Amino acid sequence: MQKYQSKILQNAIRLPAINWNLSFFGGHYQHVNAGWHVGIEQHLAFEVIQILSGQERVNLHRKSYLLTAGDILIIPPNLAHDITCVEEMDYFNFHFDLDDASFIRLLIENGLIYYPNATQQNMALQPSLHALNQLVDPAMDYSFESKLLIQRYLTDFLLALIHQTNTHSSAYNLNQLSYASSIASEVKEQLELQIHVYLTEGIDPREVGRLTIEQIISTLQISPSYGFELFKSVYGESPRAYLSKLKLQKAQQLLLMPKLSIGEISTALGYQEASHFSRQFKRWCGQTPMQYRQTAKKHSQEQAK
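In structure tokens:
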């Protein structure tokens, strides 16, 4: 940027002039039942999906993402996709666009698509998304102040995205980011499938082979060592640490189902012994599975009063 030509401003340090159009549209919260489906569509803007509870599957550009509570998916412009609710869910969704070619190019070339729950990248986006979701008014009556707040929180969201894409742009290419996203997505999906098959069909994962991250990475035709290194570089933790977080989340959900024994939950998660699961759960939560179940039951009863 050049200095001002005017003599009276010759020592001034300038800020850039801004004359762009930042668009926010299609923002909504919704509760839907299993089987709800959005057919193939594509948009000229970015689409953001945040799952608040339940599950949905998004088929996107020859990839399939199973999204569960806390996950975030950012769909770039002009990518055809379809969406199906797998399990009764609540979600938050909006579209955004900015007529700044450098920003759009940076986000498309260096941005992640899939932001699994509890990863560093996901947590960086959560505050602004939560703030936007809190503005949803059942009466759909929005003041000028509300619209300014939407713009403010959208800007916060974009700043968080820019910070991440700037970090990625110096270290990764699109294929590497795609590999990391695919590993995260497949690890989650295989764990979900393992649990579902055991609870519905009684197939013991200990007998048919437990979930192995190495096999998942190998399906991408890259070496496990490279896959582990790449995943940790992108998400800030190893695939095994990510899998442990997923197991904790699923354990907490399953413990709220009183008909399931601790042993059944342990088996569903792939542990050889219930005692191993109990020790691991206590390291995670500071409580045994039984203590967690009793505390959750007591809390639920107090809320019902």
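Residue numbering for the sequence shown follows UniProt numbering, starting at 1 and increasing by one per position.
Even glycine gets a Cβ: it sits at the ideal position worked out from N, Cα and C.
Quick caveat, the model's predicted, so the values are computed rather than measured.
Item: Inter-residue Cα distance where the pair is MET140 and PHE94; Value: 15 Å
Item: Own chain, CB closer than 6 Å to PHE157, minus 5 neighbours either side, in chain order; Value: SER128
Item: At least 3 beta-carbon pairs within less than 8 Å: the stretch 209 to 223 vs the stretch 83 to 99; Value: no
Item: Nearest-angstrom Cα separation, counted from THR295 out to GLN301; Value: 10 Å
Item: Short Cβ contact (8 Å threshold) for GLY111 with TYR179; Value: no
Item: Cβ-Cβ distance between GLU47 and CYS85 below 8 Å; Value: no
Item: Opening and closing residue of the beta strand (DSSP E) in which TYR91 lies; Value: 81 to 98
Item: ARG283 - containing alpha helix (DSSP H), residue span; Value: 274 to 285
Item: Presumed contact (8 Å Cβ cut-off) between LYS188 and LEU66, rounded CB distance; Value: 6 Å
Item: DSSP-derived helix/strand/coil call for ARG14; Value: coil
Item: CB of ASP97 within 8 Å of CB of ALA45, strictly; Value: yes
Item: Complete runs of the beta strand (DSSP E) confined to the stretch 25 to 65 [at least 3 residues]; Value: 37 to 41, 46 to 60
Item: Reduced DSSP category for GLN114 - H, G, I as helix; E, B as strand; rest coil; Value: Sequence check: residue 114 is Tyr here, not Gln. Strand, per DSSP.
Item: Where ILE203 sits in the DSSP three-state scheme; Value: coil
Item: Whether GLU87 touches GLY35 by CB criterion (8 Å); Value: no
Item: Inter-stretch contact (C-beta, 8 Å, three-pair minimum) for the stretch 73 to 82 and the stretch 15 to 32; Value: no
Item: Cβ-based burial, ASP71 [other Cβ within 10 Å; buried from 16]; Value: buried
Item: C-beta atoms of residue 306 and MET290 nearer than 8 Å; Value: It is not possible to answer for residue 306, since the shown part of the chain is limited to 1 through 305.
Item: At least 3 beta-carbon pairs within less than 8 Å: the stretch 264 to 282 vs the stretch 218 to 227; Value: no
Item: Sub-8 Å separation of ILE49 and LEU15 beta-carbons; Value: no
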